[in-house]
Amino acid sequence: MRATKCLIALLAITGTAFGAPGPLQPFLSQNCLKCHGPEKQKGDFRVDKLEWPIASTASAEQWRELAEMVETKEMPPKKDGKPLAEKDAAMLVAYVNAELSRAALALADRTGGGDTGTFRRLNRSQYQNTVNDLLGTRAELGSMLPRDATGTFGFDRVGSSLSMSGEQIQNYMAVGEYALLNAMPRPDDLAKPELKKLTGVAKLTGKENGKDGFPRKDLKVLPEGGVVSFRGGIEYKDLKTSTAGRYRYQLRVAHAAYQSPGATVYGKIVSGETVLAFLESKDGAPVVQEFEIWMSGGSISVEPLLDIPYRLPFRRDWADYTGPGLLVQSVELEGPFIDEWPPRGRTVLFGDLPLKERGNSGRSFADKAPQGRDQKSVAANSTNPAADANKLLTAFLPKAFRRPVTAAEVAKFVKIATDQMAASEKPSFHDAMILAYTTALSSPDFLFLQEPKGKLNDYALASRLSYFLTGSMPDDALVAAAAKGKLQTPEGRVAEARRLLDAPASKFFVRDFVDQWLDLREIDATTPDPKMYPEFDPLIKDAMVQETQLFFTEVLKNDLSLLNFVNSDWTFLNSRLASHYGIPGVAGAEMRKVTLPKDTMRGGVMTH
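1 is the number of the first residue of the sequence shown in our numbering; add one for each residue after it.
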C-alpha cells in the first residue's frame, strides 16, 4: 500500500523511534511523498506534516484513523497500485498502536486525566450505591429521583448529559433525609436481634372461598402435609421478618411434579413484588432447596410457574384438574444473620452516643418517612452538642466526600447544626445533625466527582477507579492506597483495578455496562402475549438477562478473546433457557457454563 509505505518512510525520514530497517527507508520515501507530500496531498492528507512522536490527542486521532484504514485494507485504493504486503501492513499497525499506547500513558501522566472539561454528577445508580455503602443500608433510592439522560451510545454516565436543576436539588434533599432516617434503627432494634429458626405453615389467602374452607380453589392442602399450588401463591405469614438482614430459607419440595410424573415444574419465591429466587421440581425423591436472601422485612410466597393460568378460567373447579402442580411440603426460616453490629448507619451518624425512643420526628424535606417509622423512632442525645457535632462531622465528611476535609469545611456543617438548635423552640440535637447530614448529601462535594484541573490527586483517582468498576464510593482498601500515594504509579492503579474486578462489587460494573450496552434494562418494555407464548415466565426472562451478563463476566474475568462476542462454542444456560433454545442435557434452575452442540447457532451474544 502506497499510503502505508509513505507512513513508514516518513517515520524513517524524521528519525523517529519507529526503527524501520535502513535499507527500506529510501524505497518507502520514494513511494510516499509522491501522493501525500508537499507537492500533492490526496484526500487533503499530508504525511510529512504528521507529528511523531505523538504528543497531542489530535495527532493521535489522525494516526489511529490511518492505521485503521491500513488494517482494514481501505488504503491504498486498488487503482493506485499493488497492495502492501500483509507483513508490511501488520508492521505499520503494530508500531502505530505501540506509539498510541505510549502517547496515551504520557498524556495521562502529564494531566492525570483530570481536565475532562465537564463537572460530572453521580447518576441515579451511583448515588443509590454510594448512600447505601456509606450508611450500611439497602434502600431503594434511584426510583425516587428523575431518570438520568443518556449521552453518547445510550450510556447514562456521560457528564455532559447529567444536568442539575433547582428542582433536582430539592429531590436530593428529600431523598437524602429519607436515606438517613432509613439508616436509623427502630426502637425494637436497639439490641442485637437473636438468631431464630422457624418452620412455616402455609396461609392460603384470596377472595374466593372453596368447599374445603380454604380461600382459593387452585390451592390444595394434602392430608399427609404440604400444599399444592396450581396457580396461586402459597404465603407463609408466620415467617414474617421485621429486622433487616440475611435470612436462610429451606424449602422441602416434592421432586416429582404433583399429578404429572415426568413433568418438570418451576416455581418462584417472592416477597411483595420482588422475586427472590427460583426453584425446580421434577422426577425423583423430595429434596430440600436452600436459599440465602437479604430481606428488610415482610413474608414470602411460593408460586408455581405454569402455563395453565392463561388457558384456564380463574373460577373453574380445580378438583377436576389433572395437570401438574407445585407441591411444597415445608418451609423453614433461619435468621437474621447480622454482618455488622452495631449497624453502620447508627455508628456513622451518631457514634456511641446514647439513643432513646421518641414519637414522630419533625421531618423537614421528606414527603414521608420509611415505612413503619413515621410514628415511633429513636433519637441520639448529646450533653455537649457543639463538641459532639464537630466529632461526628469530622468522621463523616471525609467518607461522604471521598477525600480528606479541612477543619474549616467541618466548621461550616457544624454551624448548620448549631444554628438549627439555636433557632428551635425545642432544640433537638438529633434533628439538627440530620439536617447537617442532609445538607452534606445534597452538596456538590457529595453529588459530583471532584476532579481539579491538571493531574488528578490520589483521591480523585480512587473515585474514578471505584465508580468505574464498582459504581460506588472507594472502599477502605482503595482509600488506604490513595493515602499512601500508590495510585500515582501505573503499577499501583493496575493493582487496585485488578483487586476491584475480583471483588463481589464488580458485579455492578458487569450489570451496569452490559445492561446499557445491549439495552437489557429495557427487557420489560415489551412483554410477549401470554396467550400466544404461555411458556414465557419470570424464570426464562431472568435467565435471558443472566445469560448475557454471565457471558460478559466470563470473557472479562478470564481475559478471553473479544471474538467470543461474535461466535463461541459455549454460553450460560439453565434447564428453562436450554429447553427454549432446544439444547438437551441441562438440568436445574441454576445458570451454569455449557458447551454448545456443534450444530447449534447459539454462539456469541447476537443469538442471546
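Where is the CB? At the ideal position from N, CA and C, for every residue including glycine.
Buried/exposed call for residue i, threshold 16 Cβ in 10 Å
i: residue 559; result: exposed
i: residue 15; result: Residue confidence for residue 15 is low, a pLDDT of 34 falling below 50, so the modelled location carries little weight; the figure read from the coordinates is stated next. By the 10 Å Cβ count, residue 15 comes out exposed.
i: residue 368; result: Confidence in residue 368 is poor, its pLDDT being 43 and thus under 50, which makes the residue's placement too unreliable to answer from.
i: residue 424; result: exposed
i: residue 434; result: buried
i: residue 129; result: buried
i: residue 561; result: exposed
i: residue 146; result: exposed
i: residue 592; result: exposed
i: residue 451; result: buried
i: residue 618; result: Since the first and last residues shown for the chain are 1 and 608, residue 618 lies out of range.
i: residue 477; result: exposed
i: residue 589; result: buried
i: residue 525; result: exposed
i: residue 458; result: buried
i: residue 366; result: Low per-residue confidence applies at residue 366: pLDDT is 40, beneath 50, and the placement is therefore not dependable, though the value from the model is reported in the following sentence. Buried is the call here.
i: residue 431; result: buried
i: residue 182; result: buried
i: residue 563; result: exposed
i: residue 553; result: buried
i: residue 148; result: buried
i: residue 241; result: buried
i: residue 578; result: buried
i: residue 421; result: buried
i: residue 602; result: buried
i: residue 184; result: buried
Integer-rounded CB distance, given that residue j should sit under 8 Å from residue i
i: residue 350; j: residue 400; result: Not quite, the Cβ-Cβ distance comes to about 15 Å (not below 8 Å), so this is no contact.
i: residue 393; j: residue 378; result: Incorrect: roughly 20 Å between the Cβ atoms, too far for contact.
i: residue 235; j: residue 299; result: 6 Å
i: residue 248; j: residue 335; result: 6 Å
i: residue 396; j: residue 437; result: 7 Å
i: residue 302; j: residue 281; result: Actually they do not touch by this definition, with Cβ atoms about 11 Å apart.
i: residue 548; j: residue 514; result: 6 Å
i: residue 511; j: residue 543; result: About 15 Å separates the two Cβ atoms, so there is no contact after all.
i: residue 294; j: residue 246; result: 5 Å
i: residue 474; j: residue 402; result: 6 Å
i: residue 405; j: residue 389; result: Not a contact, Cβ separation roughly 14 Å.
i: residue 198; j: residue 239; result: 6 Å
i: residue 326; j: residue 265; result: 5 Å
i: residue 604; j: residue 574; result: 19 Å between Cβ atoms; not a contact.
i: residue 516; j: residue 119; result: Going by Cβ atoms, the distance from residue 516 to residue 119 rounds to 22 Å, so no, they are not a contact pair.
i: residue 353; j: residue 387; result: At roughly 11 Å, the Cβ-Cβ gap does not stay under 8 Å, so residue 353 and residue 387 are not in contact.
i: residue 506; j: residue 470; result: 6 Å
Test item: CB-CB of residue i and residue j under 8 Å
i: residue 251; j: residue 219; result: no
i: residue 583; j: residue 600; result: yes
i: residue 222; j: residue 267; result: no
i: residue 493; j: residue 461; result: yes
i: residue 466; j: residue 500; result: yes
i: residue 176; j: residue 472; result: no
i: residue 448; j: residue 121; result: yes
i: residue 324; j: residue 260; result: yes
i: residue 243; j: residue 187; result: no
i: residue 329; j: residue 226; result: yes
i: residue 596; j: residue 572; result: no
i: residue 333; j: residue 485; result: no
i: residue 275; j: residue 534; result: no
i: residue 545; j: residue 523; result: yes
i: residue 355; j: residue 180; result: no
i: residue 385; j: residue 418; result: yes
i: residue 496; j: residue 481; result: yes
Residue span of the beta strand (DSSP E) that contains residue i, given as start and end
i: residue 330; result: 326 to 337
i: residue 241; result: 234 to 241
i: residue 266; result: 265 to 271
i: residue 223; result: Residue 223 -> no beta strand (DSSP E), and no H or E assigned at all.
i: residue 291; result: 287 to 295
i: residue 276; result: 274 to 281
i: residue 355; result: 355 to 358
Extent of the continuous alpha helix (DSSP H) to which residue i belongs
i: residue 248; result: Run containing residue 248: none in the alpha helix (DSSP H); it sits in the beta strand (DSSP E), 245 to 253.
i: residue 576; result: 575 to 581
i: residue 345; result: 344 to 350
i: residue 126; result: 124 to 135
i: residue 452; result: Careful: residue 452 lies outside any alpha helix (DSSP H) and carries neither H nor E.
i: residue 438; result: 429 to 441
i: residue 447; result: 444 to 447
Mind pulling the alpha helix (DSSP H) runs of 4 or more residues that sit fully within the region 477 to 559?
Correct list: 490 to 502, 506 to 517 and 538 to 557.
What alpha helix (DSSP H) runs, 4 residues minimum, are completely inside the region 372 to 420?
The region 372 to 420 contains these whole alpha helix (DSSP H) runs: 385 to 401.
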